[in-house]
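I have placed the structure first, in the form of structure tokens, so that the comments after it can refer back to it.
In mature numbering (1 follows the signal peptide of the UniProt record, and there is no 0), the protein residues as written are -21 to -1, 1 to 253.
Listed below in structure tokens is the structure:
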């Protein structure tokens, strides 16, 4: 676990109210990459894939809906024993707040894709919270995903799609691939209305120090990115738009890599207008 240090020049009570993640109403929505690893069995490499039933007909176990194979072969897809209601579940190693999921139909078998379902979360595997409901979903096509976004900030360890009807196939229900993403909050880049700024000093693992003069909104954006990446979400690098000392250049951009950061400090100050 990486550590960072915040050195506050203002009073403690004031700074505690400033260095916080931005309010969700002031953030634009982005989503992480798929948080489910490419599964090679129902329990490898991590987490647990399971289903209410799985056809003993080729590669149709629950994990095949999480194996990264969905656009080239009909065989690698979770397939049930019949066309009745069924569920497919993935249990993470740690609770996560999923806010988007993506479904690929089974290759060359789109009539087996789900039509009506709920997407649910649970922390005990028994009590389930319905997070999203879909009805009469049609238009499935080979290698073409459908994305479903919903509002959720609660962390659950297990998520499942609970299907009540397929798209018309008389024999099976199937999913080629099921992916899950979390929501990443990107702070509003507008200037900090309070006029407060800070010097962000980043110490790299090679001992080099990088210093940036930023608004508090920009500092908060960096901290949100850092905290998100520390728990496994978000891009590996962070971009700073250098608006100072531009010289003859139209723009100057600098990137810092998460794995290269040792510590960072934040020194706040007030902008004094003469």
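No residue lacks a Cβ here, since even glycine has one placed at the ideal position from N, Cα and C.
| Buried or exposed by the 16-neighbour rule on C-beta atoms within 10 Å, applied to residue 137 | Position 158 of the chain shown holds residue 137. Under this definition residue 137 is a buried residue.
| query | For the beta strand (DSSP E) that contains residue 203, what are its first and last residues? | reply | For the purposes of this step, residue 203 is taken as the residue at position 224 of the chain shown. Where residue 203 is concerned, there is no enclosing beta strand (DSSP E), although the alpha helix (DSSP H) it sits in stretches over 195 to 209.
| query | In the structure shown, what three-state DSSP assignment does residue 45 receive? | reply | In the chain shown, counting from the first residue as 1, residue 45 sits at position 66. Helix.
| message | Using the three-state DSSP reduction, which class does residue 90 fall into: helix, strand or coil? | response | The residue you call residue 90 lines up with position 111 of the chain shown. Correct three-state label for residue 90: helix.
| Based on Cα-Cα distance, which residue from 190, 164 and 233 lies nearest to residue 199? | Along the chain shown, read from residue 1 onward, the residue named residue 199 stands at position 220. Of the listed residues, the one whose Cα sits closest to residue 199 is 164.
| task | Could you check how far apart the C-beta atoms of residue 130 and residue 11 are, in whole angstroms? I think they sit under 8 Å. | result | Indexing the chain shown from 1 puts residue 130 at position 151. Indexing the chain shown from 1 puts residue 11 at position 32. Rounded, the Cβ-Cβ distance is 16 Å, inconsistent with contact.
| request: With distances taken Cα to Cα, identify the nearest neighbour of residue 157 among 20, 64, 68 and 247. | output: Counting from 1 along the chain shown, the entry for residue 157 is found at position 178. For the residues 20, 64, 68 and 247, the minimum Cα distance to residue 157 belongs to 68.
| For residue 100, which of 188, 147, 36 and 78 has the nearest alpha-carbon? | Numbered from its first residue, the chain shown carries residue 100 at position 121. Residue 78 is the option with its Cα nearest to residue 100.
| request: Within its chain, find whatever has a CB closer than 6 Å to the CB of residue 112; leave out the 5 residues flanking it on each side and keep chain order. | output: The residue you call residue 112 lines up with position 133 of the chain shown. If we look at residue 112 and ignore the five residues flanking it on each side, its Cβ neighbours are 97.
| DSSP state of residue 134, grouped into three classes? | Position 155 of the chain shown, counted from the first residue, corresponds to residue 134. Note: residue 134 maps to coil in three-state DSSP.
| Quick one, are the C-beta atoms of residue 235 and residue 217 less than 8 Å apart? | The count along the chain shown starts at 1 and reaches residue 235 at position 256. The count along the chain shown starts at 1 and reaches residue 217 at position 238. It is a contact, given that the beta carbons lie within the stated cut-off.
| request: Pick out whichever of 190, 209, 230 and 222 has its Cα sitting closest to the Cα of residue 246. | output: For the purposes of this step, residue 246 is taken as the residue at position 267 of the chain shown. Considering only alpha carbons, the answer is 190.
| request: Locate the beta strand (DSSP E) running through residue 74, then write down its first and last residues. | output: Locating residue 74 in the chain shown gives position 95, where the first residue counts as 1. It spans 65 to 75 - the beta strand (DSSP E) in which residue 74 sits, taken as one unbroken run.
| query | Excluding five sequence neighbours on each side, which residues of the same chain lie with their C-beta closer than 6 Å to the C-beta of residue 48? | reply | For the purposes of this step, residue 48 is identified with residue 69 of the chain shown, where counting begins at 1. Cβ neighbours of residue 48 beyond the five flanking positions: 55.
| message | Is the separation between the beta-carbon of residue 89 and that of residue 150 shorter than 8 Å? | response | Taking the chain shown and counting its residues from 1, the one referred to as residue 89 is at position 110. Taking the chain shown and counting its residues from 1, the one referred to as residue 150 is at position 171. Not in contact: residue 89 and residue 150 (Cβ atoms no closer than 8 Å).
| request: Compute the beta-carbon to beta-carbon distance between residue 239 and residue 184, rounded to the nearest angstrom, for a pair I have assumed lies under 8 Å. | output: Residue mapping note: residue 239 aligns to position 260 of the chain shown, counting from 1. Residue mapping note: residue 184 aligns to position 205 of the chain shown, counting from 1. That belief holds up - the Cβ atoms of residue 239 and residue 184 are roughly 5 Å apart, short of 8 Å.
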